[in-house]
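Have a look at the structure below, then the notes.
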Amino acid sequence: MTEDDYATALVRYVGGELLPGDARDGLTDTTPLMESGLLDSLRVALLLTHIRDEFGLYVSPAKIDAHHFRDIRTIAAMLHGLALENETQGEPA
1 MTEDDYATAL VRYVGGELLP GDARDGLTDT TPLMESGLLD SLRVALLLTH IRDEFGLYVS
61 PAKIDAHHFR DIRTIAAMLH GLALENETQG EPA
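Going by full-length UniProt numbering, the sequence shown runs without a break in its numbering and finishes at 93.
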């Protein structure tokens with residue numbers, strides 16, 4: 001998957017499953033998630049489960065921070081990087 005593929009899938013999931021109806025309007029891949037409070041600890045846990053189940057990627061606790069979860073674009077970049085690392089190491093992405 002490309003970084004854009006991850007971003008598109010994440011916008012769909014976050015907007016459709018994690019946010020209340022009024023917060024869905026205007027959600028883009030650059031909408032601040034942590035800073036705005038749209039992503040709290042429970043939603044991060046749900047998102048991590050979705051990432052593992054949907055993409056087969058494990059996000060280490062060291063990467064669960066405001067920098068990596070700033071917005072959907074930064075999450076997508078992190079996931080793309082993890083997938084490339086897995087491919088390099090011979091693991092399925």
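Where a beta carbon is used, it is the ideal one built from N, C-alpha and C, also for glycine.
Note that this is a predicted model, so its numbers are computed, not measured.
Residues near Val-11 by beta carbon distance below 8 angstroms, same chain, minus five either side
Leu-27, Thr-28, Asp-29, Ile-72
**Message:** Between Leu-79 and Leu-57, how many whole angstroms is the CB-CB distance? I'm expecting something under 8 angstroms.
**Reply:** 6 angstroms
- Per-residue burial, Ala-83 [other beta carbons within 10 Å of its own, 16 or more giving buried]: buried
Original post:
So is Ala-45 buried or exposed if we call it buried at 16+ other beta carbons inside 10 Å?
Top reply: exposed
*Could you work out which residue in Thr-88, Thr-74, Glu-85, Asn-86 is closest to Thr-8 when comparing CA atoms only?*
Thr-74
*How many Å lie between Glu-17 and Arg-24 at the Cα?*
10 angstroms
With respect to the alpha helix (DSSP H) encompassing Ile-64, which residues constitute its N-terminal and C-terminal limits?
From DSSP, Ile-64 is part of no alpha helix (DSSP H); its letter is neither H nor E.
- prompt: Under a Cβ-count criterion, where at least 16 other Cβ atoms within 10 Å of its own Cβ denotes burial, should Thr-88 be classed as buried or exposed?
  reply: exposed
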